[in-house]
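Notes to accompany the following structure.
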Amino acid sequence: MKFLFILVCVLLLCVCINEGKDFIIGSKANNLLISTQKVKYRSLPLIRRDKDYTYIDSKERIIKGIIARDLSRTDTEVTVTAGGIGATNVTLHLQSGRGEELNYLILIFSNNIK
């Protein structure tokens, strides 16, 4: 019984350690993927990295979903600062933890209508 309890605690600890902060807004279901971009900035010791990623659709399609997947599984934050769902552009602000890198895969979806 003790072994089972310790095993469950270790598994929960592993899940908590590997938890990343993925940013998901809107919907990707039945929508067209219009942009895939990998954003990577190296880490600097004791420094927080702040970067802006801007996407402007040349065909002026309305954005229906945004996913920013944290590939490094670090303590970073993503916020929408301009545009977003219902607009034809989006600006995402990426902020790393102190001394951590930014490594994101950004996916942007639009309506599947031509």
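Here the sequence shown stands for residues -20 to -1, 1 to 94, where the numbers follow mature numbering (1 follows the signal peptide of the UniProt record, and there is no 0). We put the beta carbon where it would ideally sit given N, CA and C, even for glycine.
Query                                                                                                                      : Result
If you draw a straight line from the alpha carbon of I47 to that of L87, how long is it in whole angstroms?                : 5 Å
Taking the C-alpha atoms as reference points, what is the distance between L12 and D2?                                     : 20 Å
Can you check whether the C-beta of K39 is within less than 8 Å of a C-beta belonging to chain B?                          : Here there is only one protein chain, and chain B is not present.
Exposed or buried, what is C(-5) when buried is set at 16 or more other beta-carbons lying within 10 Å of its beta-carbon? : Because the pLDDT of C(-5) is 49, which lies under 50, any placement of that residue in the model is unreliable, and the question is left without a value.
Can you pull the DSSP bridge partners for E57?                                                                             : Q75
In the DSSP assignment, find the beta strand (DSSP E) that holds A48 and state where it starts and stops.                  : 43 to 50
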